[in-house]
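**Student:** These protein sequences, in sequence, are chains A and B. Here UniProt numbering is used: the first residue of the first sequence is 1, the next is one more, and so on. Here UniProt numbering is used: the first residue of the second sequence is 1, the next is one more, and so on. Backbone N, C-alpha and C fix where the C-beta goes; we use that ideal spot for every residue, glycine too. The structure displayed is predicted, hence computed values, not measured ones. Sharing a structure, written as structure tokens. Questions coming.
Number of protein chains: 2
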Amino acid sequence: MVSTSGFITSLGTSFLIFVLLILIFSFLSRRKSNLPIYYPALLLKGKAPPEPESIGCGIRTPWAWMKEAWHATGEELVEIAGLDAAVYVYFHTIAVKIIFWTSIFCVPILIPIAATDNNNELQAQDPATAANFSSLDNIAMGNVQNKSPRLWAFLIGGYWLSFVTYYILREAYKHVIELRAKDQSHVRAKPEQFTCVVRDIPPTAKEESREAQVDAFFKQVHPETYEKSLIVTGLSKTSKLWAELETAKAKLAHAEAVFEESKSKSKAGPDGVRPQHRTGKFGLYGKKVDSIEFWSEKIKELTPKLVEEQRRTATEEQKGAAIIFFNSRRAAAEAGQERHSPFADRWEVLPAPEPRALVWDNMDVTFYQRLVREKVVYLITFFTVVFYMIPIGLVAAFTTLPNLTKYLPFIKPIVDIGVVKALIEAYLPQLALIVFLALLPKLLLTLSKAEGIISLDHIVRAACGKMYYFVVFNVFLGFTIFGTVFGSADSIKQLKAAGNFSFNSIIELFGASLPPNATYFITFISFKFLAGYGLELSRLVPLIVYHLKKKYLCKTEKEVQEAWAPGPFEYMPNVPNDLLVITLTLSYAVIAPLILPFGLAYYAIGWFVQRNQALKVYVPEYESGGRMWPHIHSRILVGLFVSQITMLGYFSVKKFAYVVLLIPLPFLTLLFANVCHKVYYPSFRYVAIAVASEEVKEVPTLSSVVAAFTPTCLLEGSNDVKDIDKYDDGSFQDAESHLPSKTSSGIASPADGALAIPIASPADGALAHPIVE
Amino acid sequence: MVSTSGFITSLGTSFLIFVLLILIFSFLSRRKSNLPIYYPALLLKGKAPPEPESIGCGIRTPWAWMKEAWHATGEELVEIAGLDAAVYVYFHTIAVKIIFWTSIFCVPILIPIAATDNNNELQAQDPATAANFSSLDNIAMGNVQNKSPRLWAFLIGGYWLSFVTYYILREAYKHVIELRAKDQSHVRAKPEQFTCVVRDIPPTAKEESREAQVDAFFKQVHPETYEKSLIVTGLSKTSKLWAELETAKAKLAHAEAVFEESKSKSKAGPDGVRPQHRTGKFGLYGKKVDSIEFWSEKIKELTPKLVEEQRRTATEEQKGAAIIFFNSRRAAAEAGQERHSPFADRWEVLPAPEPRALVWDNMDVTFYQRLVREKVVYLITFFTVVFYMIPIGLVAAFTTLPNLTKYLPFIKPIVDIGVVKALIEAYLPQLALIVFLALLPKLLLTLSKAEGIISLDHIVRAACGKMYYFVVFNVFLGFTIFGTVFGSADSIKQLKAAGNFSFNSIIELFGASLPPNATYFITFISFKFLAGYGLELSRLVPLIVYHLKKKYLCKTEKEVQEAWAPGPFEYMPNVPNDLLVITLTLSYAVIAPLILPFGLAYYAIGWFVQRNQALKVYVPEYESGGRMWPHIHSRILVGLFVSQITMLGYFSVKKFAYVVLLIPLPFLTLLFANVCHKVYYPSFRYVAIAVASEEVKEVPTLSSVVAAFTPTCLLEGSNDVKDIDKYDDGSFQDAESHLPSKTSSGIASPADGALAIPIASPADGALAHPIVE
């Protein structure tokens, strides 16, 4: 339970941090040396950062970025940042809308109704309950007396909240589907629109090659539209060799740059100093060698090895999966939603994810493996969600200062220094929490990948789902339960003493502590948006890392670029955390309406910040076509469902007989979720044929589509080989079937180059290859 | 609880009835006048009934039919009786297999183990339980003492039973899918293979006609393969007029036949007597008119009315649904599984059911209506299943003889007759049960139709599902509960008196009465197969009805044919009843293995009888392509699940600690059901493209396909109109779009008549029109 003064102090601190960070951002973002940190997306597109509206001293007006974020249109956002980022920003719009319209009723009507009652006062006077309320609790539903007719207003609030959410979510879903349809029917076609993946290919007949098998099958069922196939092969060795080769090349470039630099330096003279390093781990021990020679040798040694391995892989390690290419968007969309074999465990054809999102490793996980893996992962996730806090508690209990000094006596002298001791004592208990929570997203991503999912965006969504249940269970439920138990320790003792320790009295205790908990969650939310968004906008950490790297490590242009590479939005911890906020806001909207303005502020500031980041900072690694929306939609509904159940419970605690009128609400939510799933979700699974049939103006060439789907470690090595021609019509083609390209096809044959545009390769080459781990 | 002597009497009686019915069948089935009753399917195909293996006196050897049933191959069965009937017979094969392999372990091992223990004896000696066991109970698991190590054998029996079922069901599903694929890729294509239905067509733009809208949409998305559309129209008035016209025609033919007959009879002389009838209801009152004139007038009057109505309907009552035709099987199979609009509540395209199974009335039930209807129907079904017995009990309580004579005093003189009184007293209590149970299938079919399902076979399956839960709940659970309560009334009283009336003691009471209940279910099953299949085979009721009708009512050839028309298999009460038997057998297989031979006999005799009926008697009205199988498969698994839960409960009652080893079984069943659903079920929803792509030799003409899907009441009336040419290119075509037929198409254009065969119209015209109620 938080006192009013504590609440204001906490809010004030967060606000100060926020103002400070915004000022830092305004100051730093115009420095020329910082531009790659604050406008990387613009720089990568070759655009100039916006002109500063300076207020002098090189400081931008602190709201200039907000103006720019506000003025960008939806089309611009999709064009610049991609549909995924636009959908993520749109999530903030929708959250603002839902909270705003809920507030319209809840804030001006429910707060006065609560404030003019005096339940808390009565309770505080009652010595039996020994309750202790702050003035903030007086404007929440807890201040209304049991069985009071005033509760009707709160009940109406519950309905208002639910219907506002349904209405806005429905409109939002429709809007996103339209965005998606526009994206899919775009006149500039994308390579994945001509492509499907096929899994669970049955074993080949004796002597038959995989390509022959796949080609024969698809030529029979799609005689007019099937172009060619690319068989999935085992890549672990190839990608390892390729990574070694890439490292060697980078090291060589680095060494050459160091050598060039040393020439210009006065100390070594015009000949410069050839850089040297030791061959042991981290260059710490071993023979000292000339770096340029060493890495050149290494490259010469690795390149033929890689080519040999590529050759071997293509013929010997073919798996029961393939990527297949069609000559039109419509044909690929059709094939992707059709059942090809009467048995679902053979020839499963799916729409291809975007090339960079394809998880090559998971392509050959078979049907039955997927079934088992899925179940095992769900089980592990369940235990993680429910019991993750237990090891944290255990570790925290163990890592006390006396324990540490006992088991690690050598740290004693350090620990005995006063300041260090104070610091360790203050932060040690939270260390376990921080470390374990930081590990969680990685763990959940690994779990989701283990399910056998074949696209990165799907893995991220699966992990987000798991994370959402984790935070709701541990933050929302966990805090409510622990908060009640610890906050009401006295009350519990009293009840016990009075022999009055029944299930009902416990429920009432929980009920009584619900509205005070809201105050805690308000500070939680405001810290998140003030400090969190301030930090996000000011990008202090990447800024410092960049400048350090640039100064001490980077020698080549490529290394500098890698140092400021912004990366994509981190949906994985962001989306579930944002969803937690709306879940909290909806849950307390009626019980403690004061949370609403804070929820609103969270999403409103978030809207500006994330829009700014989408437009100017982050560069998507891949596009999923807004597939995050159904995920967000259904989690908001989970939040609403939790909220309705909470209300049901709290109205019961208030002994309000008409609480039965709230019972239909959770069922309505289930029904609404079911209807939305039936009506809207299918268009996220498949591309509607009517959409795929729309006219295409710019089509990629078949070879560019195939290249987009070929893993970089199979493509790139070969460029360095002298006998590239021999290679090209040689063994590599084994894994790529060749059929004559049709002239009447929608896909441009290499001949009509006039129409064909190469697929825009992302600026940063490192991002462009499908993930092979 | 059934005593041993009662059990044997009951079995003996059933067996006598069976022998008698088989003898009657052997005797009657060779009489020439009875052939239409015993071999209608053969006669309709123009084949001769099989030659009799007579044993003299015109009696066939009683096992001749069994020989014939045995010798027919699977292909013959599909060819003659259709895939649906073959799947229904195959269900019997599978049940026999499951029960046989279960028996292999349970009968020779579990029965001796139970018989050599003496728990029942001990219980009977114990005055506290006052138990009363028959000798049959001594060979069931109840006779094993609590906590005995002998229970291990029964536990293994549980596993054996489960794995036998899994294995056989999996093989069976594969087999049925192969049958289905063979059927679908048959060289002789069926009209529904070129057809899809489309529902939820959005409102037309102003001034645009439905046909233009549908054609424009599908010409855009399937430019190469779309042929034409047939818009669904409101048919209630048309079909009423058409029915009146058909009645008038039949009556005219009847009257003419009566007139012809009277000419040949000596009484009236060569001129004959013109038949007359009264115009009032049932010909009981009103003006007497000349029948031939009256019905001729009526036909003249109705025909133009019908044509006018057809015209009006086609233009004015167009609904938001259509039937669309493609030029190849592959194209229709593709379209039927594709999402056409990004929104699922628009342009839903589904594979067409077979024309005669299409429920025209439900075609325009909109997406949201279907959602609501489905939920409402499920709710009503739930209440029906749980509470249907209550009104039966109430009515039974009310319809006692004293009550009847009190409220209906005029029946008193009849009731006072001794024999009548005895009869009424004996059967009155069951009258309510019989009437209500007879109404149930009709009610469930009506409920299923109200869901908005568009094919008759699907409606039947939906009703079967509901019925299955009804019989399992009411027969299996109901009898177990009521049997225990009434059978143990004494025990309950004793427990109450002893102040020992706890939940546990009740559970033990249920447990103790489980094996004795098995005896009741054995008599239940044997009555069903002996009397039930005897009656089915001998067809006494249709035989008597036919001869009565033929003698007194039928005058025209068509009327005679209608009198013996065999109709299709009645899957609706048959399938759930058969499923109840396997549920009972599986549930008691381990607890009271004696049930196994009886279950085996049920399905073995059923196999012969139903195979005979499929080959020689029933004529399918429509084909669903074996879609009943997934339904049967999952209901058998429900039975297994019930069985595993029962075992869990009963092992607990036996205080067997290793009962925990049984806990994985129900989960395994859920997993197995889930895997089968994922792997095998999709091929029942959609036609695999690989299957649809196989070569077609005989294709129907487009016009014959369209005609097959046009409701009879729109087709037939027009034949009688003089100005048929004017009509044909006139308004009727409004509801049928016309696009030029493609020459390169898979579907034969009317020109190449050489290849095209008309779709075989079923012998009985009355069966051929889609249902319009």
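Given that a residue counts as buried once 16 or more other Cβ atoms are within 10 Å of its Cβ, and exposed if not, what is residue 548 of chain B?
**Tutor:** exposed
**Student:** Excluding the 5 residues flanking residue 8 of chain B on each side, which residues of the same chain have their C-beta closer than 6 Å to its C-beta?
**Tutor:** none
**Student:** Whole angstroms are fine: how far does the CA of residue 629 of chain A sit from the CA of residue 91 of chain A?
**Tutor:** Cα to Cα, residue 91 of chain A sits roughly 8 Å from residue 629 of chain A.
**Student:** Are any of the Cβ atoms in chain B nearer than 9 Å to that of residue 83 of chain A?
**Tutor:** False, the Cβ-Cβ gap to chain B never drops below 9 Å.
**Student:** Quick one: is residue 36 of chain B buried, meaning 16 or more other Cβ sit within 10 Å of its Cβ, or exposed?
**Tutor:** buried
**Student:** So the candidates are A:101, A:275, A:231, A:249; which of them puts its Cα closest to the Cα of residue 260 of chain A?
**Tutor:** A:275
**Student:** Of the residues A:694, A:631, A:537, which one's Cα is nearest the Cα of residue 25 of chain A?
**Tutor:** Residue nearest to residue 25 of chain A within the set A:694, A:631, A:537 is A:537 (criterion: CA-CA distance).
**Student:** Select from B:661, B:666, B:263, B:422 the residue whose C-alpha is nearest the C-alpha of residue 645 of chain B.
**Tutor:** B:666
**Student:** Contact defined as beta carbons within less than 8 Å: I believe residue 146 of chain A pairs with residue 117 of chain A. What is the distance between those atoms, to the nearest angstrom?
**Tutor:** 11 Å between Cβ atoms; not a contact.
**Student:** For a test of the three-state rule: what should DSSP assign to residue 505 of chain B, helix, strand or coil?
**Tutor:** helix
**Student:** What are the start and end residues of each continuous alpha helix (DSSP H) run of 4 or more residues lying completely inside the region 617–696 of chain B, in chain order?
**Tutor:** 628–653, 664–679, 682–685, 689–692
**Student:** With C-beta atoms as the reference, is residue 621 of chain A less than 9 Å away from residue 456 of chain A?
**Tutor:** Yes, the pair counts as a contact, with Cβ atoms nearer than the cut-off.
**Student:** Nearest to residue 701 of chain A by alpha carbon, out of A:102, A:227, A:310?
**Tutor:** Per the Cα distances, A:227.
**Student:** Kindly indicate which three-state DSSP category residue 148 of chain A falls into: helix, strand or coil?
**Tutor:** coil
**Student:** Could you work out which residues of chain A lie near residue 693 of chain B, taking near to mean beta carbons separated by less than 9 Å?
**Tutor:** 220, 221, 222, 223
**Student:** What does residue 177 of chain A touch in chain C if you count any residue whose Cβ is under 9 Å from its own?
**Tutor:** In the structure shown, chain C cannot be found, because the protein chains are A and B.
**Student:** Rounded to whole angstroms, how far is the Cβ of residue 602 of chain A from the Cβ of residue 529 of chain A, which I believe are closer than 8 Å?
**Tutor:** About 4 Å; that satisfies the 8 Å criterion.
**Student:** Looking at chain A, is there any beta carbon in it that lies within less than 9 Å of the beta carbon of residue 337 of chain B?
**Tutor:** Answer yes: the Cβ-Cβ gap between residue 337 of chain B and chain A drops below 9 Å somewhere.
**Student:** Could you name the residues of the region 367–384 of chain A whose beta carbon sits closer than 9 Å to any beta carbon of chain B, in the order they occur along the chain?
**Tutor:** 367, 368, 371, 375
**Student:** Beta-carbon separation of residue 177 of chain B and residue 342 of chain A under 9 Å?
**Tutor:** yes
**Student:** Determine the contact status of residue 823 of chain A and residue 589 of chain A, defining contact as a CB-CB distance below 9 Å.
**Tutor:** Outside the shown range of chain A, which is 1 to 773, sits residue 823 of chain A, and nothing can be said about it.
**Student:** Going by DSSP, which residues form a beta bridge with residue 196 of chain A?
**Tutor:** A:324, A:351
**Student:** Among the residues of its own chain, which have a CB less than 6 Å from the CB of residue 723 of chain B, if the five just before and after it don't count?
**Tutor:** Low local confidence applies: a pLDDT of 39 at residue 723 of chain B is under 50, so the model's placement there is unreliable, with the coordinate-based value given in what follows. Within the same chain, residue 723 of chain B has no close Cβ partners at all.
**Student:** Note down the Cα distance separating residue 5 of chain B from residue 546 of chain B, rounded to an integer number of angstroms.
**Tutor:** 40 Å
**Student:** I need the boundaries of the beta strand (DSSP E) containing residue 278 of chain B, first residue and last residue.
**Tutor:** Following the DSSP letters along the chain, one finds residue 278 of chain B inside the beta strand (DSSP E) bounded by residues 276–278.
**Student:** Since residue 323 of chain A contacts residue 235 of chain A with CB under 8 Å, what's their CB separation in whole angstroms?
**Tutor:** That belief does not hold up - the Cβ atoms of residue 323 of chain A and residue 235 of chain A are roughly 13 Å apart, past 8 Å.
**Student:** Leaving out the 5 sequence neighbours to the left and right, which residues in its chain are closer than 6 Å to residue 201 of chain A when beta-carbon positions are compared?
**Tutor:** 320
**Student:** Would you kindly check if the distance between the Cβ of residue 592 of chain A and the Cβ of residue 519 of chain A is under 9 Å?
**Tutor:** yes
**Student:** Quick check on residue 330 of chain B - is its C-beta less than 9 Å from some C-beta in chain A?
**Tutor:** yes
**Student:** Hey, how far is the Cα of residue 120 of chain A from the Cα of residue 137 of chain A?
**Tutor:** 8 Å
**Student:** From this set, A:194, A:41, A:169, which residue's C-alpha is nearest residue 703 of chain A's C-alpha?
**Tutor:** Out of A:194, A:41, A:169, the CA that lies nearest to the CA of residue 703 of chain A is found in A:194.
**Student:** How would you list, in chain order, the residues of chain B whose beta-carbon sits under 8 Å from the beta-carbon of residue 680 of chain A?
**Tutor:** 343, 344
**Student:** Output needed in chain order: residues of the region 662–676 of chain A with a Cβ under 7 Å from some Cβ in chain B.
**Tutor:** 675
**Student:** Is there a C-beta anywhere in chain A that falls below 9 Å from the one on residue 334 of chain B?
**Tutor:** yes
**Student:** Classify residue 177 of chain A as helix, strand or coil using the three-state DSSP reduction.
**Tutor:** helix
**Student:** Measure the alpha-carbon distance for residue 17 of chain B versus residue 505 of chain B and round it to whole angstroms.
**Tutor:** 42 Å
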